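The structure appears right after this line, and notes come after that.
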Amino acid sequence: MRKYDIKDKYKKINKCLDIIGLILAVALVIMTFIYWVKAPDIIPTHYNFKGEVDAYGSKNTIFILLPIALMSYIGIAILSKFPQVYNYPVEINPRNKEKQYLMASTFIRVLNVETIAIFFYIQMSISTAMSSGKNLSIIFLPISLFILFGSIGFYIYKAIKYK
């Protein structure tokens, strides 16, 4: 009987996270072009803290978020392959090196998926506002921040636990 290998668990999780992130990135590109074709000449370009549209602009502004999202996604995806360059909340030593690198690499992938999902949601909200006049949900910002900082806090907790 083969002993359970922690590396296999992380390999599967990381592969799933990479696939989810790639699907979201491709969907973001496709959706952006589909909505651009259907968009009126003037679209919402900014929301205030209440989720209300407070600025409008050309439909070409749909393309502003796309390169930012894709550059972020690609940069973080590349960074996830090099855990030895990260800053860690604990000292890395030969005993904890492998576990810390695996956890950190997975954490970076989780952040990447969360980030591309947030960009996807924002782009969808702009598109929805164009067609129906609906505003961005008022709870979008608190939920997004909770998810991002929750992931960071969870990672720090686990990193310290397994130092």
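Count along the sequence shown starting at 1, add 823, and that's the number in the numbering used here.
Built from N, CA and C at the ideal position, the CB exists for glycine as well.
Bear in mind the structure is a predicted one, so any value in this text is a computation, not a measurement.
* Asked: Val-876 to Glu-937, Cα distance in whole Å?
  -> Sequence index remark: in the sequence shown, residue 876 carries index 53 (1-based). Sequence index remark: in the sequence shown, residue 937 carries index 114 (1-based). Cα-Cα distance, rounded: 24 Å.
* Asked: So, are the CB atoms of Tyr-896 and Ala-848 less than 8 Å apart?
  -> Position 73 of the sequence shown, counting from 1, holds the residue named residue 896. Position 25 of the sequence shown, counting from 1, holds the residue named residue 848. Contact flag set, yes.
* Consult DSSP for Ser-903 and reduce its assignment to one of helix, strand or coil. => Position 80 of the sequence shown, counted from the start, is the residue given in the question as residue 903. Looking at Ser-903 - three-state DSSP - the assignment turns out to be coil, as it is neither helix nor strand.
* Asked: Based on the DSSP output, what are the partners of Ile-865 in its beta bridges?
  -> Here residue 865 refers to the residue found at position 42 when the sequence shown is read from its first residue. Ile-865 pairs with Ser-881.
* Go ahead and label Asn-935 buried or exposed: buried means 16 or more other beta carbons lie within 10 angstroms of its beta carbon, across all protein chains shown. => The count along the sequence shown starts at 1 and reaches residue 935 at position 112. With 16 or more other Cβ atoms within 10 Å, it is buried.
* **Cβ neighbours of Asn-871 in the same chain (closer than 7 Å, five flanking residues each side left out)** => Taking the sequence shown and counting its residues from 1, one reaches residue 871 at position 48. Here the set comprises Asp-877.
* To do: Throw me the rounded Cβ distance for the Phe-930 and Tyr-858 pair, which I believe falls under 8 Å.
  => Taking the sequence shown and counting its residues from 1, the one referred to as residue 930 is at position 107. Taking the sequence shown and counting its residues from 1, the one referred to as residue 858 is at position 35. Going by Cβ atoms, the distance from Phe-930 to Tyr-858 rounds to 32 Å, so no, they are not a contact pair.
* Taking C-beta to C-beta, are Tyr-909 and Ala-892 nearer than 8 Å? -> Your numbering for residue 909 matches position 86 in the sequence shown. Your numbering for residue 892 matches position 69 in the sequence shown. Against a cut-off of 8 Å, the Cβ pair of Ala-892 and Tyr-909 comes out as no contact.
* **Phe-977: first and last residue of the uninterrupted alpha helix (DSSP H) it sits in** => One-based indexing of the sequence shown puts residue 977 at position 154. Per DSSP, Phe-977 belongs to the alpha helix (DSSP H) from 963–984.
* Excluding five sequence neighbours on each side, which residues of the same chain lie with their C-beta closer than 7 Å to the C-beta of Thr-868? -> If you number the sequence shown from 1, residue 868 lands on position 45. Correct list, in chain order: Ala-878, Tyr-879, Gly-880, Thr-884.
* Close beta carbons around Phe-943, own chain, < 6 Å, minus the five adjacent residues each side -> Against the sequence shown, residue 943 aligns to sequence position 120. For Phe-943, where only same-chain residues beyond five positions count, the Cβ hits under 6 Å are Leu-847, Leu-851.
* Asked: Based on Cα-Cα distance, which residue from Ile-945, Leu-971, Lys-922, Ile-939 lies nearest to Lys-984?
  -> For this step, residue 984 is matched to residue 161 along the sequence shown. If we check each option's Cα against that of Lys-984, Lys-922 comes out closest.
* To do: To the nearest angstrom, report how far apart Ser-948 and Glu-914 are at their CA atoms.
  => Residue 948 sits at position 125 when you count from the first residue of the sequence shown. Residue 914 sits at position 91 when you count from the first residue of the sequence shown. Distance between the alpha carbons of Ser-948 and Glu-914 is about 42 Å.
* To do: Let me know if Leu-840 comes out buried or exposed under the rule of 16 or more other beta-carbons within 10 Å of its beta-carbon.
  => Taking the sequence shown and counting its residues from 1, the one referred to as residue 840 is at position 17. Flag for Leu-840 reads buried.
* To do: Report the option in Ala-862, Val-933, Lys-920 whose CA atom is closest to the CA atom of Ser-903.
  => Locating residue 903 in the sequence shown gives position 80, counting from the first residue. Per the Cα distances, Val-933.
* To do: Can you tell me which of the three DSSP states Arg-825 falls into?
  => Residue numbering aside, residue 825 sits at position 2 when the sequence shown is read from its first letter. Here the model assigns Arg-825 a pLDDT of 47, short of 50, so the residue's position is not dependable and the matter cannot be decided.
* Helix, strand or coil: how does DSSP classify Tyr-944 here? -> Counting from 1 along the sequence shown, the entry for residue 944 is found at position 121. In the structure shown, Tyr-944 sits in a helix (DSSP, three-state: H, G or I).
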